[in-house]
Amino acid sequence: MQPASETGQPRLMDRFHHAIRLRHYSPLTEKAYGGWILRYLHFHKMRHPALLCRKEIEDYLSYLAVKRRVSASTQNQALAAILFLYREVLDIELPWLDEIVRAKPSQHLPEVLTQSQVRRLLAQLDGTTWLVASLLYGSGMRLMECLQLRVKDLDLDRGEIAVRRGKGAKDRITLIPDRLKEPLVSHLRTVYRQYKQDLVRREAEVELPTNLAKKYPNAGKEWAWQWVFPATRKYIDTLSGSRRRHHLHPSKIQREFKAAVGRTGIPKTASCHTLRHSFATHMLESGYDIRTIQELLGHKDVKTTMVYTHVLNRGGRGVRSPLDKLD
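According to the numbering used here, the sequence shown is numbered sequentially starting from 85.
Spelled out as structure tokens, the structure:
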């Protein structure tokens with residue numbers, strides 16, 4: 085591929101970043117798609133993608149499945165990145181891309197903790213990590229959804245959380261557990277004191293979504309837009325030069341959560357996302373209907389939520405083994 089100086093056009097990856105930000109994809113998606121596009125190009129020795137055809141794309145997907153042995157979801161993400169490259173960046177419509185067979189996702193049942201195990205696990209945590217983990221289990225949020233909450237997203241009076249731009253860029257409403265209202269109020273008081281100190285230092289501005297910073301230049305310094313879970317350290321924004329706080333990094337919560345699982349001795353491969361699975365399963369066990377759980381989780385298709393109905397087939401739900409009926 086020719087450098088920009090020779091063609092007078094932006095480099096391919098610069099065009100990619102511009103296209104994906106223009107469509108307001110999340111930073112995580114931008115990073116993932118960008119990585120797959122680069123790996124696709126390196127696989128074909130940096131030949132321009134416009135010179136590649138169906139065979140080259142299928143060869144790469146086969147390489148991922150056979151040589152790299154990636155999961156079906158990983159292979160499908162790679163294909164989605166390639167589709168974005170051709171359609172949105174290069175403006176090349178390749179109808180046959182839709183005909184490429186996507187890998188069928190494996191039908192693994194989600195790892196779920198019992199309520200007793202959740203209780204033991206939360207007892208091993210404290211401070212901000214305990215509050216985040218309790219929210220994940222109590223509301224069904226994903227970890228990044230929780231860490232990206234703004235102060236304005238919490239409605240303690242109504243007991244609601246507005247999840248903004250969740251997976252698939254969808255907004256939804258989920259619940260605040262009653263027992264977390266007081267801990268959240270106490271936590272926000274601490275965050276507010278830190279915010280006031282940052283205001284004095286002129287370092288209270290936070291990053292805003294999409295083009296809000298242009299439309300409302302001072303919104304990033306307002307209390308309503310502050311992170312519920314701000315990071316302890318600050319960074320310099322490369323565009324504005326301002327000193328800011330980001331939200332808490334997920335690795336901190338994941339690291340402390342993993343250590344807590346080890347201390348409990350729970351014989352399961354539990355992660356932060358396991359708390360979301362456990363929320364859905366325990367809600368279903370409590371008799372809540374599948375559509376309510378679907379809305380709280382933000383699933384587009386109820387079939388995704390239906391995986392949690394496996395709990396209805398477990399012992400203790402009115403199903404008795406024939407072995408137990410033998411004399």
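Here a beta-carbon is modelled for each residue, glycine too, at the ideal position from N, C-alpha and C.
CA-to-CA distance, residue j to residue i, given in whole angstroms
| i | j | result |
| --- | --- | --- |
| P314 | H366 | 30 Å |
| R249 | D255 | 5 Å |
| N160 | M390 | 22 Å |
| I245 | D239 | 6 Å |
| R152 | L167 | 20 Å |
| V235 | K384 | 26 Å |
| Q278 | R317 | 12 Å |
| K280 | R286 | 10 Å |
| K342 | H357 | 12 Å |
| L148 | L178 | 21 Å |
| L272 | A116 | 33 Å |
| I141 | H101 | 21 Å |
| K299 | V290 | 15 Å |
| T393 | Q201 | 20 Å |
| R99 | R171 | 12 Å |
| S146 | D237 | 43 Å |
With 16 other Cβ atoms within 10 Å as the buried cut-off, status of residue i
| i | result |
| --- | --- |
| H430 | Because the chain here runs from 85 to 411, residue 430 falls outside it and cannot be looked at. |
| A88 | Low local confidence applies: a pLDDT of 43 at A88 is under 50, so the model's placement there is unreliable, and no value is given. |
| C230 | buried |
| T212 | buried |
| I121 | buried |
| C137 | exposed |
| S270 | exposed |
| V216 | buried |
| H331 | buried |
From the options, residue whose alpha carbon lies closest to that of residue i
| i | options | result |
| --- | --- | --- |
| K139 | Y124, R105, R152 | Y124 |
| L227 | L359, V196, G349 | L359 |
| L259 | T393, E379, I320 | E379 |
| P351 | I141, R204, A308, A116 | R204 |
| V312 | T376, R329, I141, T353 | R329 |
| Q338 | L145, A354, P293, F363 | A354 |
| T113 | T158, W180, K299, M225 | T158 |
| L174 | A134, D262, S155 | A134 |
| E195 | S362, G325, P111 | S362 |
| P261 | G243, V247, V275, R273 | G243 |
| L96 | Y372, M130, D282 | M130 |
Any chain C beta carbon closer than 8 Å to residue i
| i | result |
| --- | --- |
| L359 | The structure shown contains no chain C; it holds only a single protein chain. |
For residue i: DSSP bridge partner residues
| i | result |
| --- | --- |
| K318 | R329 |
| L259 | E244 |
| W311 | R234 |
| D239 | E244 |
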